[in-house]
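Visitor: For reference, the structure I am asking about is given below.
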């Protein structure tokens, strides 16, 4: 090496060091603004084994107050993998407002390794790529800064680094058989990584960093991180615009057109109830053994009879295999995250039945009408929810959604009954009366919701509940039909 | 069988059925009161394999609104087992106020099977029994109704039931190899079950139900459940009295006697910091590989320098292996459970370092002084916390607690500095000023806390922090010493 080269290298290295220092100081300076503005930041660090992902994260965080960031390394166990949707651990780990979450590899590695291992089919891989795009867009549109980095090294560089790690007892354990397999299959991995980035870089772009020079890679990552945070702080929290997506939708009637007269006699009801509950109990056994997840969603007017309906479904189920999840107003730690987070984290394990007593549709009903989110937010939610539910059904879940329908007179009669019956008074609140006054606005919102979110995979069912007995039997039949179909599919 | 016998059997069976029905109705009637009074109820159902635990739970819940109860079946995977304290899944599953949680077998089975499998030593088994007693007492004293049932069947009855299950494809999968092993080792199990109940029945009694008659067993369980709930509703929520426990305590000085003059020059500080952080980084590597959990607890006056101290500890740690957990006021779902719940559920996995920025000691400081709990509650907490921390160290955790100490003048100077420095203003709140006015009351509470909760296994360290540099170096040294010792112990 010539003397001038050495000098210029040295100068360059000093310049990188100085710039990194300045960037880190800038990042530290942003901390308070990130917190005050409630900006959530996601940094996904993907890349080759031995490329230095951990070291890179170390460089990024070294001056940040540890109360403002977290690092997550998702270890997907085969057990957990099979029992939850693949995005589950990543969606569960999103940061709350005002914090930074670093993913030390994440959904990209999860997809690429799995497809190369042939743990998932090409078909499943394609579906995953779509889900990843949806997941990232939803986060971005929900105001998250999402920075995706890929740390790149050559096959030779990877070999040298692994050899170095393996030559020392203190570090050898860091190299796994998986990593050695990647070194051998470097070419296939490179192709798949590149194709993955190509297919997932349109909404939230990828940034490939040259990992051969650790200091420069860290500087480049700092530039990106500082730049994006700066931009987000200046521009204010991003709110995504609604967008068109052609989900095949099922036709739904307007609520006003629903005939609420169907009713059952006590005798018919008791006979059917017994028969259907017996059948549902048997099916629960089967879905438990076949590990089919079942998600039942209940929405409906106050006093429509959701609780009693749920009770009739729950009764024949093995209590070890189901959960009823009442959804109330979100608490602080829930409000501080993307609105679907509190549902992601409550998903059932495969083979279990999860009954949501009110759901994520609060977004397009109460949150819309009470102004708890912006118009863009709830307008966007129809698609976001359709995507979320498609992710659930692609995981294998049976997703059924019930709108429990009554008319205004019936509601009034039930409110009065509640008011006049001491044991029932707790069920009636001031808010119920207030909501009742907004019936027309609610009806409009509900009609729009039913039109825009009833999909083949996650259909809505309007349950006529002026007669509660009729409503319960109808719901039981729908659940049974769907489970029978799911069991057949799983056999086929 | 004589005719009279048949008749009397039939009559008895009808009587059991009628009583069960009446009891179930009573239970349904209590639902609203349980909810209104915020009474949390735990029903632990233990017993022999094939004794009918699931069926019993089914009978108990059949008329309860599914929004008011949950059933938990803890499947302890070998992975999870090794990485968390054994009570972790059970403590995490306690119900919130106003709800009933049924444990479909729980900590008893976990202990008995493990000791008979020789997965744990006799010594560990003894420690577990003590932990179980502590856990149950803490729940009871915290106002939980705890009902413990053991469903008993003979060896012959168990054999017949297993044979019946195994003879049908639809049910055969319910019998596991573990169950068959229990059938073979029935005698050893019986002895161990009985001894376990003997040793854990003093605080919260066991109720052994004859499982040979399912209907009667359910009736008996209903009687107990309804009786206990009725009693709790009448008497009002139980608040446990403080009790004496002879924890060996380390002598601690009064805060007023602490010499706050120690200080370091910048030069000494920088030199030591570099050296100690390097060493801590190396040790983190070792504890990660040896899967030693580390829990660092920070408490201290406002503006004492906790944040900066934590940052110096965190800096050399591999970010994938530690978490800083800032503890703020509890949210609703946390207030609705025993006060240690939000810490149980935040414990680190083994091999990870968890830094609590404020801790469970809030109970005997802010909650005591602001009247957020009763005097009995905080008086009891010293022992409860000592027990909790002993459970953590018996699991293998290194538990270190730091009280970051400054004097009033130093606090005032720092408050003023914060007030006058725009970037720091967010750190200073009205509450800080209010707390400052209560310095003498806080000092008294802190002195008492330090006296009563500094144990050999989880000691307090007073960190003189008028000079922050001195404080950081002292803390680093303490952490390093403890980790070196832990690594030696684990080698030994």
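Chains as they are written, first to last, in the numbering used here: chain U, 1 to 492; chain Y, 1001 to 1492.
From the three backbone atoms N, C-alpha and C, an ideal C-beta is built for every residue, glycine too.
Considering only their Cβ atoms, is the gap separating residue 1338(Y) from residue 1139(Y) smaller than 8 Å?
Guide: A Cβ-Cβ contact shorter than 8 Å links residue 1139(Y) with residue 1338(Y).
Visitor: Between residue 1352(Y) and chain U, is the shortest Cβ-Cβ distance under 8 Å, so that the two count as touching?
Guide: Chain U contact via Cβ: absent.
Visitor: Using the C-alpha atoms, what's the distance from residue 217(U) back to residue 56(U)?
Guide: Each residue's Cα considered, the two are about 8 Å apart.
Visitor: For chain U, is any of its Cβ atoms less than 8 Å away from the one on residue 1459(Y)?
Guide: no
Visitor: Near residue 1572(Y), what residues of its chain come up, given a Cβ to Cβ distance below 8 Å and the 5 sequence neighbours on each side ignored?
Guide: No statement about residue 1572(Y) is possible, as the shown extent of chain Y runs from 1001 to 1492 and does not include it.
Visitor: Please work out which residues of its chain come closer than 8 Å, Cβ to Cβ, to residue 94(U), disregarding the five sequence neighbours upstream and downstream, and give them in chain order.
Guide: 40, 42, 101, 139, 144, 337, 338 and 341
Visitor: For the putative contact between residue 1031(Y) and residue 1061(Y), defined by C-beta atoms under 8 Å, what is the C-beta separation to the nearest angstrom?
Guide: Going by Cβ atoms, the distance from residue 1031(Y) to residue 1061(Y) rounds to 11 Å, so no, they are not a contact pair.
Visitor: Does the Cβ of residue 70(U) have 16 or more other Cβ atoms within 10 Å, making it buried, or fewer, making it exposed?
Guide: buried
Visitor: On the three-state DSSP scale, how would you describe residue 1069(Y)?
Guide: strand
Visitor: Quick one: list the residues of chain U neighbouring residue 1057(Y), beta-carbon separation under 7 Å, in chain order.
Guide: 319
Visitor: Counting contacts by CB-CB distance shorter than 8 Å, is residue 1011(Y) in contact with chain U?
Guide: no
Visitor: Determine the closest residue to residue 1295(Y) out of 1443(Y), 1187(Y), 1389(Y) and 1058(Y), with distance taken between C-alpha atoms.
Guide: Nearest to residue 1295(Y) by C-alpha distance, out of 1443(Y), 1187(Y), 1389(Y) and 1058(Y), is 1389(Y).
Visitor: What whole-angstrom Cβ distance do residue 1396(Y) and residue 1313(Y) have, given they're in contact under 8 Å?
Guide: Not confirmed; about 20 Å, so no contact.
Visitor: Which residues in chain U sit within 9 Å of residue 1201(Y), going by Cβ to Cβ distance?
Guide: Neighbours of residue 1201(Y) on chain U: none; closest Cβ ~26 Å, over 9 Å.
Visitor: Could you check the C-alpha separation between residue 202(U) and residue 1287(Y) for me, to the nearest Å?
Guide: 42 Å
Visitor: For residue 1066(Y) and residue 310(U), which I take to be in contact (beta-carbon distance under 8 Å), what is that distance rounded to the nearest angstrom?
Guide: 6 Å
Visitor: Which residues share a DSSP beta bridge with residue 460(U)?
Guide: 401(U)
Visitor: Tell me, please, which residues DSSP counts as bridged to residue 330(U).
Guide: Residue 330(U) is not bridged to any residue.
Visitor: Taking the continuous beta strand (DSSP E) assigned at residue 210(U), which residues delimit it?
Guide: 206–210
Visitor: Under 8 Å by Cβ, that's how I've got residue 404(U) and residue 470(U) pegged, so tell me the actual separation to the nearest angstrom.
Guide: The Cβ separation is near 11 Å, so there is no contact.
Visitor: By a C-beta neighbour count over all protein chains shown, 10 Å radius and 16 as the cutoff for buried, is residue 123(U) buried or exposed?
Guide: Counting Cβ neighbours within 10 Å, residue 123(U) comes out exposed, since fewer than 16 surround it.
Visitor: Tell me whether the segment 468–482 of chain U and the segment 269–278 of chain U touch, counting them as touching only if at least three CB pairs, one residue from each stretch, are closer than 8 Å.
Guide: In short, these stretches touch, since the Cβ pair count reaches three.
Visitor: Short check: CB of residue 1045(Y) to CB of residue 1116(Y), under 8 Å?
Guide: For residue 1045(Y) and residue 1116(Y), no; Cβs fall outside 8 Å.
Visitor: Give the residues of chain U in contact with residue 1331(Y), contact being defined as C-beta atoms less than 7 Å apart.
Guide: 331, 332 and 333
Visitor: Taking its Cβ as the centre, do 16 or more other Cβ atoms sit within 10 Å of residue 332(U), making it buried, or is it exposed?
Guide: exposed
Visitor: Which of the three DSSP states is assigned to residue 122(U) in this structure?
Guide: helix
Visitor: Which residues in the same chain have their Cβ closer than 8 Å to the Cβ of residue 317(U), if we skip the five residues on either side of it in sequence?
Guide: 280, 281, 284 and 353
Visitor: Taking a cut of 7 Å between CB atoms, which residues from the segment 1365–1384 of chain Y lie near chain U?
Guide: Contact residues of the segment 1365–1384 of chain Y toward chain U are absent (C-beta to C-beta distance below 7 Å).
Visitor: How long is the line joining the alpha carbons of residue 328(U) and residue 358(U), rounded to whole angstroms?
Guide: 8 Å
Visitor: Which of the three DSSP states, helix, strand or coil, is assigned to residue 162(U)?
Guide: Helix.
Visitor: Following the continuous alpha helix (DSSP H) through residue 1114(Y), name the residue where it begins and the one where it ends.
Guide: Residue 1114(Y) -> alpha helix (DSSP H) spans 1107–1116.
Visitor: Just checking: is the beta-carbon of residue 1219(Y) within a distance shorter than 8 Å of some beta-carbon in chain U?
Guide: no
Visitor: Let me make sure I understand the geometry here. Which of 265(U), 171(U), 427(U) and 50(U) has the alpha-carbon closest to that of residue 153(U)?
Guide: 50(U)
Visitor: Comparing the C-beta of residue 1492(Y) with each C-beta of chain U, is any distance below 8 Å?
Guide: Caution is warranted here: a pLDDT of 46 is assigned to residue 1492(Y), below 50, making its placement in the model unreliable, and no coordinate value can be reported.
Visitor: What are the residues in the segment 406–435 of chain U lying within 7 Å of chain Y by C-beta distance?
Guide: 423 and 426
Visitor: Identify, in the order they occur along the chain, each residue of the same chain with its Cβ nearer than 6 Å to the Cβ of residue 323(U), setting aside the five sequence neighbours on each side.
Guide: Excluding residues within five positions, the ones whose Cβ falls inside 6 Å are 354.
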